[in-house]
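Protein chains: 2
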Amino acid sequence: MKKFHLTAGPSELYFTVEQHIQQALKENVAVVSHRSKAFQDMFGFTTSQVREMLNVPDNYYMVFTGSATEVWERLAQNCISKKSTHFVNGSFSTRFHQFAEAWGHQTQKIEKELGEGFNTNDFQIDTDSDFIAITQNETSTGVQFPLEDIYKIREEHPDKLIAIDAVSSIPFVDIDLTKVDSMYFSVQKGMGMPAGLGVWLFNERCLERAKSLKANGRLLGGYHDMFTLLKNAEKNMTPATPNAIGIYLLGKVSEDLLRRKMEIVRSETVYKAGMLYAAIEEHKDLDYAVKEERVRSKTVIVIEILNGRSPKDFMSYLEGNGLVISSGYGPNKATQVRISNFPTHSKELYFQLIDLINAW
Amino acid sequence: MKKFHLTAGPSELYFTVEQHIQQALKENVAVVSHRSKAFQDMFGFTTSQVREMLNVPDNYYMVFTGSATEVWERLAQNCISKKSTHFVNGSFSTRFHQFAEAWGHQTQKIEKELGEGFNTNDFQIDTDSDFIAITQNETSTGVQFPLEDIYKIREEHPDKLIAIDAVSSIPFVDIDLTKVDSMYFSVQKGMGMPAGLGVWLFNERCLERAKSLKANGRLLGGYHDMFTLLKNAEKNMTPATPNAIGIYLLGKVSEDLLRRKMEIVRSETVYKAGMLYAAIEEHKDLDYAVKEERVRSKTVIVIEILNGRSPKDFMSYLEGNGLVISSGYGPNKATQVRISNFPTHSKELYFQLIDLINAW
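Sequence lines, in order, name chains A and B. Position one of the first sequence corresponds to residue 1 (the working numbering), numbered consecutively onward. Position one of the second sequence corresponds to residue 1 (the working numbering), numbered consecutively onward.
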């Protein structure tokens with residue numbers, strides 16, 4: 001039996017990926033030199049599609065890394081000057097905070113319990129902070145950071161750099177990039193691609209920060225510092241021989257999504273999330289793990305299992321019916337499960353999921 | 001017409017790769033969590049195959065990076081204490097030297113002209129150097145560093161760490177890893193795989209060095225420092241969501257090569273190199289770019305084009321007949337071409353290549 005993955009780590013591949021991989025092999029994408037015109041054209045196509053898909057402003061740069069995890073390191077090296085502020089309410093936001101500390105920066109940690117979101121009236125960003133790290137969608141807890149709150153922070157702190165982790169909300173989240181300075185994601189979640197590629201978008205202000213740090217003697221990192229990445233990206237190239245098939249697939253899947261239209265992709269996501277949340281609400285043994293609606297994610301849906309029933313049983317039951325979901329993260333394993341809602345998960349698949357949930 | 005790549009960058013895929021990719025897709029390799037048992041089993045299989053293929057001693061660790069380029073950065077962060085010695089005779093050895101300088105280390109540069117190798121009587125390694133970087137096969141010039149010279153350096157400098165760049169000589173080179181401290185390579189050359197994965201092998205001595213640097217307050221790098229990589233590898237895992245298909249393919253191609261037997265793989269490489277060098281010798285308009293036989297590579301064969309004939313014409317002629325080769329590197333573009341001799345390049349392909357060369 002074919003199993004469909006509604007997991008929040010890597011997830012089901014976008015349904016066109018297999019065919020694009022065949023085509024990539026046919027076109028020798030992994031074989032031609034990464035210094036060739038064929039590679040440059042491919043790279044250029046991918047960046048143009050991603051730019052269109054995410055409505056990336058012209059003054060934004062786009063480079064590739066090995067993962068979004070790598071971007072944390074590169075941001076810590078290139079963009080945090082002295083002190084960074086981190087909104088921490090899950091594993092991924094925690095990890096970026098740890099990176100910033102490891103790189104010797106002062107940090108401000110604005111923390112919430114797992115499952116809770118932030119409210120702009122509840123916190124005060126330190127005035128001496130020069131960098132704000134926001135996890136737009138916490139994959140570990142299913143808590144989102146509302147866009148209007150991000151924009152409000154920007155208004156109140158126009159001089160600080162704001163970087164957005166959109167790992168599990170791309171391509172759903174429709175963020176106005178003119179109101180933040182950097183956004184990054186990896187491709188194995190919402191884009192439905194094999195892992196091994198990070199996408200890092202940043203504006204001129206980030207570059208200026210890196211320049212001034214470099215001028216002051218900061219070591220920005222070796223082969224993947226902002227300047228080396230950019231110098232290559234300007235020629236549609238990468239500093240090292242890259243995951244060319246990954247770059248190719250990113251272009252092709254973005255093109256597929258653009259053909260479907262982003263408004264459709266987004267409204268389908270909202271529709272599927274609505275169906276699933278309604279099913280949770282109606283089920284006597286299930287509840288939302290994220291109680292506050294305005295911070296409840298539409299792409300990673302976390303469910304609390306009630307009345308002594310077992311998340312493990314719930315997962316086995318679904319898997320026995322061909323649907324694989326994720327356990328709760330870390331301490332929440334005992335009481336929660338996570339279900340992803342990405343473009344590759346069709347409405348039909350969601351109908352099936354909900355029928356199964358209703359019958360549990 | 002299907003074109004075969006005998007290029008020295010990425011090269012022709014190993015002939016089983018396409019089929020392994022299909023199987024990987026069928027087995028959901030890119031879909032299952034990198035924290036799952038299925039992933040751990042796959043990771044464990046790959047490391048066991050690579051260990052057998054390269055005869056890796058038990059006291060060696062094995063971790064994955066994004067590229068061999070990344071390994072330069074990680075070595076500079078984790079293994080060079082104060083001063084590193086670099087044998088520089090081409091673009092890749094130059095780049096590692098630049099990395100070490102960028103990371104603020106003192107360096108000793110032992111340099112030779114492009115196309116020339118090193119002779120152990122000609123140089124003196126500084127006594128205060130604590131790290132020796134050797135490019136076993138300079139992809140840019142086709143110059144190899146003979147293994148007996150590496151072993152001699154080890155005997156004379158038992159206390160220094162020795163790291164071997166084997167990017168374009170794996171899996172051909174049969175190095176005794178007990179006589180060096182680290183070896184690394186990427187997969188898109190001799191292994192015939194899509195790029196996007198580096199393999200880093202290192203022994204206990206490297207780890208001890210990293211420990212003492214860390215104890216002295218050195219920042220070893222964020223998510224890919226030696227300890228984070230190792231802590232994960234010990235559980236058959238990676239710090240970030242990895243290029244899982246790459247790790248899977250590495251195991252499968254290693255298994256394929258082991259089935260063919262490494263002695264056969266190696267003797268075929270020697271045989272094909274011998275044929276090609278003989279053809280060069282007999283051709284009035286061609287010559288070896290590497291004059292000294294003992295340092296002439298068997299895996300990247302660099303040819304000097306003589307008598308005013310054009311390397312570009314030579315390359316177009318071969319490409320017109322279905323064989324793609326590489327230009328000379330950097331300044332040598334005007335007079336040289338490079339041809340790779342990897343396991344995926346069959347004897348039959350080499351017969352065809354040599355017939356074409358004879359007829360030029």
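Just so you know, even glycine gets a beta-carbon here, dropped at the ideal spot from N, CA and C. Since this is a predicted model, take the numbers as computed values, not measurements.
Practice item. Determine, using beta carbons only, whether V31 (chain B) comes closer than 7 Å to chain A. Key: yes
Point to revise | Boundaries (first-last residue) of the alpha helix (DSSP H) holding V253 (chain B) | key: 244-260
Practice item. Identify which residue in A:H97, A:G66, A:Q98, A:Q106 has its Cα closest to the Cα of T81 (chain A). Key: Per the sequence shown, residue 81 (chain A) should be read as Ser rather than Thr. Selected option, being the one with the closest Cα: A:Q106.
**Study point:** Any chain A beta carbon closer than 7 Å to Y248 (chain B)
**Key:** no
Practice item. Look at the alpha carbon of Y277 (chain A) and the alpha carbon of G9 (chain B), and state the distance between them as a whole number of angstroms. Key: 50 Å
Review point. Whole beta strand (DSSP E) runs in the stretch 91-171 of chain B with 3 or more residues, listed along the chain?
Key: 106-111, 131-135, 161-165
Check your understanding: When you compare only the Cα positions, how much space is there between Q98 (chain B) and H224 (chain A)?
Key -> 14 Å
Practice item. Enumerate in chain order the residues of its own chain whose CB-to-CB distance from T120 (chain A) is below 6 Å, with the five nearest sequence positions on each side excluded. Key: D149, K152
**Study point:** Proximity of N203 (chain A) and N55 (chain A) at Cβ, strictly below 7 Å
**Key:** no
Review point. Sorted by chain position, which residues of the same chain lie with C-beta nearer than 6 Å to W103 (chain B)'s C-beta, five sequence neighbours on each side aside?
Key: A76
Review point. Would a check of beta-carbon distances place E73 (chain B) closer than 7 Å to chain A?
Key: yes
Review point. Is the shortest distance between the beta-carbon of L25 (chain A) and the beta-carbons of chain B less than 7 Å?
Key: yes
**Study point:** Test item: CB-CB of T335 (chain A) and K298 (chain A) under 7 Å
**Key:** no
Practice item. List the endpoints of the continuous beta strand (DSSP E) containing V300 (chain A). Key: 300-305
Point to revise | Sufficient close CB pairs (3 or more, under 8 Å) joining the stretch 30-46 of chain B to the stretch 245-255 of chain B | key: yes
Practice item. Output the boundary residues of the beta strand (DSSP E) element that contains V337 (chain A). Key: 336-340
Practice item. Could you name each continuous beta strand (DSSP E) segment of 3 residues or more that falls completely within the stretch 2-82 of chain B, going from the start of the chain to the end? Key: 4-6, 60-65
Review point. Of the residues that make up the stretch 230-249 of chain B, which ones have a beta carbon closer than 8 Å to any beta carbon in chain A?
Key: P239, A240, T241, P242, N243, A244, I245, G246
Check your understanding: What separation, rounded to the nearest whole angstrom, lies between the Cα atoms of P311 (chain B) and V63 (chain B)?
Key -> 40 Å
Check your understanding: Anyone know if the C-beta pair for R161 (chain B) and D181 (chain B) falls short of 7 Å?
Key -> A small correction: the amino acid at residue 161 (chain B) is Leu; Arg does not occupy that position in the sequence shown. Yes; because the gap between Cβ atoms is below 7 Å, this pair is in contact.
**Study point:** Closest by C-alpha distance to L286 (chain B), when choosing among B:E292, B:G308, B:F39
**Key:** B:G308
Review point. What number of angstroms, rounded off, separates the C-alpha of S326 (chain A) from the C-alpha of E73 (chain A)?
Key: 27 Å
Review point. Between T85 (chain B) and D122 (chain B), what straight-line distance do the alpha-carbon atoms span, to the nearest angstrom?
Key: 15 Å
**Study point:** Contact with chain A by G217 (chain B), beta-carbon distance below 7 Å
**Key:** no
**Study point:** Close-in-space but distant-in-sequence residues of the same chain around T178 (chain B) (CB under 6 Å, 5 per side omitted)
**Key:** P57
Review point. What is the DSSP secondary structure of M226 (chain B), reduced to helix, strand or coil?
Key: helix
Point to revise | CB of I134 (chain B) within 7 Å of CB of F87 (chain B), strictly | key: yes
Review point. Which bits of chain A does A361 (chain B) rub up against, with CB to CB less than 8 Å?
Key: Residue 361 (chain B) is absent from the structure shown; chain B starts at 1 and stops at 360.
Point to revise | Contact set between the stretch 166-191 of chain B and chain A, restricted to residues whose Cβ is under 7 Å from the partner | key: S186, Q188
Exercise for review: Check whether the Cβ atoms of Q144 (chain A) and V302 (chain A) lie closer than 7 Å to each other.
Suggested key: no
Check your understanding: Below 7 Å between beta carbons: does that hold for V290 (chain B) and G115 (chain B)?
Key -> yes
Practice item. Leaving aside the five residues before and after F342 (chain A) along the sequence, list all residues of the same chain whose C-beta is less than 7 Å from its C-beta, in chain order. Key: S11, K189, G190, G192, T299
Review point. Got a sec: is the Cβ-Cβ distance from P194 (chain B) to anything in chain A below 7 Å?
Key: yes
**Study point:** Members of the stretch 327-343 of chain B near chain A, C-beta cut-off 7 Å
**Key:** none
Exercise for review: Mark L306 (chain B) as exposed unless 16 or more other C-beta atoms lie within 10 angstroms of its C-beta, in which case mark it buried.
Suggested key: exposed
Check your understanding: CA-CA distance, R266 (chain B) and P171 (chain B)?
Key -> 8 Å
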